[in-house]
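**Student:**
In this note's numbering, the protein residues as written are 1 to 237.
1) Less than 8 Å separating the beta-carbons of residue 66 and residue 201?
2) Among the residues of its own chain, which have a CB less than 7 Å from the CB of residue 207, if the five just before and after it don't count?
3) So residue 91 is in the beta strand (DSSP E); what residue range does that whole segment cover?
4) Tell me the DSSP bridge mates of residue 106?
5) Just how far apart, CA to CA, sit residue 40 and residue 72?
6) Which residue comes first and which comes last in the beta strand (DSSP E) that contains residue 75?
7) By DSSP, does residue 29 sit in helix, in strand, or in coil?
8) Does DSSP classify residue 199 as helix, strand or coil?
9) Of all the options 168, 36, 198 and 120, which has the alpha carbon lying nearest to the alpha carbon of residue 143?
10) If you count every other CB in all the chains shown that lies within 10 Å of the CB of residue 220, and 16 or more means buried, which is it?
11) Is the number of C-beta pairs between the stretch 78-92 and the stretch 42-53 that are closer than 8 Å three or more?
12) What's the C-alpha gap between residue 205 and residue 98?
13) In whole angstroms, what separates the C-alpha of residue 106 from that of residue 38?
14) If you draw a straight line from the alpha carbon of residue 175 to that of residue 154, how long is it in whole angstroms?
15) Thinking C-beta only, is residue 5 closer than 8 Å to residue 29?
16) Do you know offhand how far residue 35's Cα is from residue 18's?
17) Taking its Cβ as the centre, do 16 or more other Cβ atoms sit within 10 Å of residue 47, making it buried, or is it exposed?
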């Protein structure tokens, strides 16, 4: 059965256009014109969407709050959310990522770019993430890759699917610098030149969630990011 995309937007013309376009790409679609309906459809146990296109401005519940609720529910914690918004400032994008969005597209957008991002998010789900150490930092950071669960100092922290894959990728390549373009292609499944600031926003949020383990994710200014080599804690030579 074709994958189901939930379109959450109260702009009828845009919804009709997206529906026709996604059908042409072989996807099924369902539509919600407000946040409450979106949450109901997203949690439908009989036909749960594989991906959600979520407008930021909705007539009832703000899209950002809808995204928070989706990430808080076990059933939709791993469902890719692509936010649509007329607000394109860096602060707006960062806020979207902070509430758990996997990607953020500014209106008006190129339909080719949107389809690229939709396909990339769904393709990422179909691939097994790189294998990483179960105990990334003994006594501090632990990952359960099959279950997509993470613990810091024995306490579980909740990571979005993108955050988990980003951390897992860095750990599996620990000690090696990863450029923003490489991370975009590996983690998001897209080629370079598609908002490398997306990586920076996710790294910032990931470090905050990791707490005491956050400093192990290093920034090499002008180059990219890396996870510190084993046995080389932050602050060491």
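Ideal placement from N, C-alpha and C gives every residue a C-beta, glycine not left out. Because the structure is a prediction, the values reported are computed rather than measured.
**Tutor:** So, from the listed chains and residues:
1) no
2) 214 and 217
3) Not the beta strand (DSSP E): residue 91 falls in the alpha helix (DSSP H), residues 90-98.
4) 85
5) 14 Å
6) Premise fails: residue 75 is in no beta strand (DSSP E) and is neither H nor E.
7) In the structure shown, residue 29 sits in a strand (DSSP, three-state: E or B).
8) helix
9) 168
10) exposed
11) yes
12) 6 Å
13) Residue 106 and residue 38: Cα-Cα distance of roughly 20 Å.
14) 24 Å
15) Contact: yes.
16) 18 Å
17) Exposed is the call here.
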